[in-house]
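Everything below concerns the one structure shown next.
Chains as they are written, first to last, in the working numbering: chain V, 907 to 1182; chain R, 12 to 296; chain E, 14 to 283.
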């Protein structure tokens, strides 16, 4: 199987307002296969948002390459194909909704690529149904909750025909209910529609639900693996300003006190099973 | 000494097709020296509630008062009363405007009509309190700082008003764990050292559990739960979930252990105690 | 939080509400021409009756439409006074020093102010019965043929759409900033013009910074969703004329014909 996303030796350097050259990303190698649910975690300034923008050709590599379904982001002819295939959902729900009516906003993507009117209608209805927002079809976005706005944004990527969705801290500005809505929606899309998901977050409880977790620090991928592998490294995560899930922390502490516990405890259930 | 709401209702845009009753007959008292967490999902009415608490909004029905002074009055007394209740809005760094950190923090004290020296004392004091070195930061542009530092400048701007009551709307939103801990250390210092009453709106059950002494849960414009966080999380789990809220991880972990047959005391409210209890049961040090 | 009504759209499902926005824009223009054609008391009478009829059909409270005259009330009164007091004419009704009220002047004043009131009411019926979003679609569609002579129809419509989308958001934001600064004791009322402008800085600076940040975010989000201008772009909503639109056009042309007849026809056949 071909990877959806293939990043090789990616380096990103930018010049800040004081004319300093800053390396935001370095030596990034990453492959994401179709149907995977990958979480990317890292503290503020670790480069995870910069990486997200490379996946949609919003930024281009200083060195190295980013390939989407085999298409290099550096080649201009690939640009619109890449942006159709990789849907993006950003952090601030307010700042990514273009139209003043929900369904018009979902239609924005397909309208841009010149899909015929009947087909747009079909795609919009289908996309709103999938994210469970049909009831709000004709609502004004500013009257929706944060979670609902983000679901509209997800519907927008589906209507564009994206088979891979990159979400850049989609729940950072949401309340607990909104957070649950978005994570559940993405898990469902991943399972039922086989949508590939790259989920950037600073909530470890969300990353625990992924197939694979990529940990970033200071512009580099530090380590990656299954949630069980990643979250067992409690002290390393804490050094990077990240907090491991409570069950992992407990397992870590209990082991230090001499308890014999199996590897890879991350959920409360895991810990309870091991202890009782 | 207390802020009191008596049968307060608040309606947005009355008499229009967009009319919305955001608060419905709320009565409560917040006494001096309390640390109250207010939780509720977006649109539950919690923002409306706190704005009624500090006189930014005036009740459509009922009375909001501080020590018996109606906050809706137009008298000097009422104005003075309102100024005793400080408010740090959500993402307060988005309200910074001045050219230097000093000027921004001085904005409030200046509006109070203090003289130059008094303002200076207030600014220095507030900066010290939020852990920003005066020499390093006073002359810098607030917009050149990091997100966490900007938020501390914004909080200092409210602290400089010397309020008796401080309302904070989502003080930890969008901060990474390091900055979050720094901000809470300052809030706790305001509470403990200065005796400022803290009213904190939050989405984070962890924050409410860790810091607050009392918790109000707002749902559909009403206060549906009012109690100590420990008790609320133990006894009101179902109603919290129904209100779109959550319970802190430590309660979930304790529940998972109990479900598997570990006998734990019922009143475990923090991770340290839980860890100690587990160690005790497993014969670990 | 929600103290915001955008424009003055009055939701409804009347015959007028359901008309195609292009129809409403064009017939509004036609009726405005009809107003300018009116020059007799009968003509104005017919126009007034017409406005009342349209309002009745639209289901909008009459007082609400009348209120739309309010912002220009001063100008209307001035028009009436100037024409009345300074008008020329033979039949002097009243004279005091240089001011004389003539029958012709009075007539002219009443006509001109009637004209203003009718224009305001007719155009506000358009905005009362058409949501700004639909109105934008209508304008874009009507302007499209003029693209060949360089009218940026799509860009204008996109700007209006984004403005409509973000005005409520920015108003909420303004409200929040005002409250935050008020909570810090700011006073926005006192002082002369300069002092007041300076008082506004604590609101304007954060508002501008936020607006730029939003614009930046939005541009990135639009690009990520394959936005590349109007070329090759399709629309989900296709506007289509229906029988009701035909009736509206006929009505508007009949009004023009009627007033044209009153103006010129009577003169030809005394």
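For glycine and all other residues, C-beta sits at the position ideal for the given N, C-alpha and C.
Own chain, CB closer than 6 Å to residue i, minus 5 neighbours either side, in chain order
i               : result
residue 112(R)  : 148, 149, 151, 153 and 164
residue 245(R)  : none
residue 1095(V) : 1101
residue 160(E)  : 166
residue 219(E)  : 190
residue 18(E)   : Its pLDDT being 44, under 50, residue 18(E) is placed unreliably in this model, and the value from its coordinates should be taken loosely. Within the same chain, residue 18(E) has no close Cβ partners at all.
residue 14(E)   : With a pLDDT of only 32 at residue 14(E), under 50, the local geometry of the prediction cannot be trusted, and the value read off the model is given with reservation. Excluding residues within five positions, none has a Cβ falling inside 6 Å.
Chain-order list of residues whose beta-carbon lies under 7 Å from that of residue i (same chain, five-residue window excluded)
i               : result
residue 136(E)  : 41
residue 1156(V) : 1177
residue 271(E)  : 59
residue 1026(V) : 1013, 1016 and 1017
residue 68(E)   : 75, 78 and 138
residue 110(R)  : 152
residue 193(R)  : 142 and 159
Whole-Å CB distance - residue i paired with residue j, under 8 Å assumed
i               : j               : result
residue 947(V)  : residue 1119(V) : 6 Å
residue 1010(V) : residue 1034(V) : Incorrect: roughly 12 Å between the Cβ atoms, too far for contact.
residue 94(R)   : residue 198(E)  : 6 Å
residue 125(R)  : residue 96(R)   : Residue 125(R) to residue 96(R), Cβ: 18 Å. No contact.
residue 61(R)   : residue 234(R)  : Not really, about 12 Å apart at Cβ, beyond 8 Å.
residue 1006(V) : residue 174(E)  : 6 Å
residue 1081(V) : residue 255(R)  : 7 Å
residue 1163(V) : residue 239(R)  : Residue 1163(V) to residue 239(R), Cβ: 30 Å. No contact.
residue 990(V)  : residue 239(E)  : 6 Å
residue 3(R)    : residue 79(R)   : Within the shown structure, residues of chain R are numbered from 12 to 296, placing residue 3(R) beyond reach of any answer.
residue 1147(V) : residue 36(R)   : With a Cβ gap of about 45 Å, residue 1147(V) and residue 36(R) do not count as contacting.
Residue nearest to residue i in terms of C-alpha spacing, selected from the options
i               : options                              : result
residue 998(V)  : 1179(V), 1064(V), 974(V) and 1077(V) : 1077(V)
residue 116(R)  : 26(R), 256(R), 173(R) and 276(R)     : 173(R)
residue 195(R)  : 180(R), 210(R) and 218(R)            : 218(R)
residue 44(R)   : 87(R), 166(R), 161(R) and 199(R)     : 199(R)
residue 1051(V) : 53(R), 261(R) and 96(R)              : 53(R)
residue 1172(V) : 988(V), 1089(V) and 1116(V)          : 1116(V)
residue 71(E)   : 223(E), 239(E) and 25(E)             : 25(E)
residue 910(V)  : 1064(V), 1102(V) and 953(V)          : 1102(V)
residue 210(R)  : 190(R), 180(R) and 220(R)            : 180(R)
residue 153(E)  : 34(E), 278(E), 21(E) and 191(E)      : 34(E)
residue 126(E)  : 88(E), 100(E) and 116(E)             : 88(E)
residue 1004(V) : 108(E), 178(E) and 149(E)            : 178(E)
residue 22(E)   : 123(E), 143(E), 96(E) and 115(E)     : 143(E)
residue 156(R)  : 127(R), 135(R) and 104(R)            : 104(R)
residue 171(E)  : 206(E), 90(E), 267(E) and 244(E)     : 244(E)
residue 48(E)   : 27(E), 129(E) and 98(E)              : 129(E)
residue 99(E)   : 90(E), 106(E) and 111(E)             : 111(E)
residue 1061(V) : 930(V), 1107(V), 1167(V) and 1002(V) : 1002(V)
residue 102(E)  : 204(E), 246(E), 120(E) and 93(E)     : 120(E)
residue 958(V)  : 931(V), 939(V), 941(V) and 1113(V)   : 931(V)
Contacts around residue i, its chain only, beta-carbon distance under 8 Å, and the 5 residues preceding and following it disregarded
i              : result
residue 16(E)  : Note that residue 16(E) has pLDDT 33, beneath the 50 cutoff, so the model's placement of it is unreliable and the number below is only indicative. So the list reads 188, once near-sequence residues are dropped.
residue 121(R) : 130
residue 921(V) : 927 and 928
residue 39(R)  : 15, 16, 227, 234 and 237
residue 276(E) : 50, 51, 52, 53 and 56
residue 151(E) : 33, 34, 35, 37, 38, 143 and 252
One or two residues paired with residue i in a DSSP bridge
i               : result
residue 22(R)   : 32(R)
residue 1131(V) : 1119(V)
residue 230(R)  : 233(R)
residue 1073(V) : 995(V) and 1105(V)
residue 64(E)   : Its beta-bridge partners do not exist; DSSP assigns none.
residue 1004(V) : Answer by DSSP bridge pairing: none, since residue 1004(V) is not bridged.
residue 180(R)  : 212(R)
Cβ-heavy atom distance, residue i to the ligand COA, below 7 Å
i              : result
residue 913(V) : Absence of the ligand COA is noted for the structure shown, with no ligands found whatsoever.
* Interface residues of the region 230-257 of chain E facing chain V [CB-CB below 8 Å] -> Within the region 230-257 of chain E, 230, 231, 233, 234, 235, 236, 237, 238, 239, 240, 241, 245, 246, 247, 248, 249, 250 and 251 place their CB atoms closer than 8 Å to a CB of chain V, listed in sequence order.
* To do: Could you run through the region 182-194 of chain E and flag, in chain order, every residue whose CB is less than 8 Å away from some CB of chain V?
  => Here the close residues are 182 and 185.
* Going along the chain, which residues of the region 195-206 of chain E sit with their C-beta nearer than 9 Å to a C-beta in chain R? -> Cβ contacts with chain R: 195, 196, 197, 198, 199 and 200.
* Within 7 Å of chain V by C-beta, residues of the region 250-269 of chain R in sequence order -> In summary, the residues of the region 250-269 of chain R whose CB is separated from some CB of chain V by less than 7 Å are 255, 256, 257, 260, 261, 263, 264, 267 and 268, in the order they occur in the chain.
* **Proximal residues, the region 1155-1169 of chain V versus chain R, C-beta separation under 7 Å** => Hits within the stretch, in order: 1156, 1159, 1160, 1163, 1164 and 1165.
* Residues of the region 210-225 of chain E with Cβ closer than 7 Å to any Cβ of chain R, in chain order -> Legend: CB atoms of the region 210-225 of chain E lying less than 7 Å from CB atoms of chain R belong to residues 214, 215, 218, 219 and 223.
* Contact set between the region 41-72 of chain R and chain V, restricted to residues whose Cβ is under 7 Å from the partner -> Correct list: 52, 53 and 54.
* To do: Using a Cβ-Cβ cut-off of less than 7 Å, list which residues of the region 19-40 of chain E approach chain R; keep chain order.
  => Residues of the region 19-40 of chain E with a C-beta atom less than 7 Å from some C-beta of chain R are 24, listed in chain order.
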